[in-house]
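Reviewing the structure listed below.
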Amino acid sequence: MLYPNDRHTMQRSRSSSRQPPGRSREEAAKLGSALEHNIRAMVRRRDREAATAGFQERLAEIITAFTGSMTFVYLHLAAVTFWIGVNTGWLPVMEPWDPSFVILAMTASVEAIFLTSFVLISQNRMAENDDRRADLNLQISLLSEHEVTRLITMVSAITNHLGLSETIGPELDELQKDVDPETVLDEIESSEQSRD
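In terms of this note's numbering, the sequence shown opens at residue 1487 and continues consecutively.
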């Protein structure tokens, strides 16, 4: 399912895959096929998420997108102005039906309940997508850290084999060790608890 922010990101992704004006094909090709592949994979993934969303989720997204627009604000401003104008006698176009504004207050309250529910449904879906992306980012970061650790170990071995002096210093042994994410998380939690 796509959300307003996802739509903007997708539009930026699609527009970034197009050749910008004034840029040659060679310059556009310098971005690299890996970047182009990643952008397309992200767009395909978001299209799949949108396609698998149920009717209720799509309806909640449509309503949330509309209620978050200036059109919605203008319509409400016009409706409330008309309601108040007629019921106070400023607009004598028809008989007042809510001179105490009780119906207006009740309508606004019920509308607020439903709109809040629609926004929460959309936010829950966005939170699920954000959690999946955060998990993906964590896995990529852990993989990158592991690869960098292996590269440091290999470069250190090559340096030793060639008889070159290491200028990195005593932290080299520490850099050659894989970082345990559980240990890092435990350290972060203990630091936060000691701060409180």
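Don't be surprised by glycine CBs; every beta carbon is placed ideally from N, CA and C.
**Prompt:** Roughly how many angstroms lie between the CA atoms of Ser1642 and Ser1627, to the nearest whole one?
**Reply:** Straight through space, the alpha carbons of Ser1627 and Ser1642 are spaced by roughly 22 Å.
To the nearest angstrom, how far is the alpha carbon of Ile1644 from that of Thr1635?
A direct Cα-to-Cα measurement between Ile1644 and Thr1635 gives close to 14 Å.
- For Glu1668, does the three-state DSSP call read helix, strand or coil? Judged by DSSP in its simplified three-state form, Glu1668 adopts helix.
Assuming the contact rule is C-beta atoms closer than 8 Å, Leu1577 and Gly1571 should be a hit. Round their C-beta distance to whole Å, please.
Contact between Leu1577 and Gly1571 holds: CB atoms are separated by about 4 Å, below the 8 Å threshold.
Quiz prompt | Whether Phe1558 touches Asn1573 by CB criterion (8 Å) | solution = The beta carbons of Phe1558 and Asn1573 sit no closer together than 8 Å.
Exercise for the section: List the whole-angstrom C-beta distance separating Leu1601 from Thr1553, where the pair is believed to meet the contact cut-off of C-beta under 8 Å. Expected result: Yes, Leu1601 and Thr1553 are in contact; Cβ-Cβ is about 5 Å, under 8 Å.
- Please classify Val1579: does DSSP put it in a helix, a strand, or coil? Note: Val1579 maps to coil in three-state DSSP.
Give the range of the alpha helix (DSSP H) segment to which Phe1587 is assigned.
Phe1587: not part of any alpha helix (DSSP H); DSSP gives it neither H nor E.
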